[in-house]
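>
Residue numbers (this note's numbering): -14 to 85.
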């Protein structure tokens, strides 16, 4: 969140989870997260199914990262193999900088 915010106003950071909107809002407030737009897939899991990140057995979304440039072209993507895995944030930031 902080590193992405330093990239400037041309960068938009979004997150989609299975959490309900009020839970997402509470987490952002508690963590001091301000520049992250949150979206909930809790009601129908359409996003997770469409983007290949839905884990049906436990009804969770696998972590994934996409960087999209100004021409709406995906220039970077990474899907985490296990639930606890985190993306390579240095690679994500480098891809975001390159997409500006």
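Backbone N, C-alpha and C define an ideal beta-carbon position, used for all residues, glycine too.
(1) So, at 6 Å on beta carbons, what are the nonlocal neighbours of residue 45 in its own chain, with the 5 sequence-adjacent residues on each side left out?
(2) Throw me the rounded Cβ distance for the residue 32 and residue 1 pair, which I believe falls under 8 Å.
(3) From residue 5 to residue 37, what distance separates their C-alpha atoms?
(4) Taking all protein chains shown into account, decide if residue 43 is buried (16 or more other Cβ within 10 angstroms of its Cβ) or exposed.
(5) Rounded to the nearest angstrom, how far is the Cβ of residue 52 from that of residue 75, given a contact under 8 Å?
The answer reads as follows:
(1) Within the same chain, residue 45 has close Cβ partners 3.
(2) Cβ atoms of residue 32 and residue 1 come within 8 Å of each other, at about 5 Å.
(3) For residue 5 and residue 37, the distance between alpha carbons rounds to 20 Å.
(4) Classification of residue 43: exposed, given that the 10 Å Cβ count is below 16.
(5) Approximately 13 Å separates the beta-carbon atoms of residue 52 and residue 75; this is outside 8 Å, ruling out the contact.
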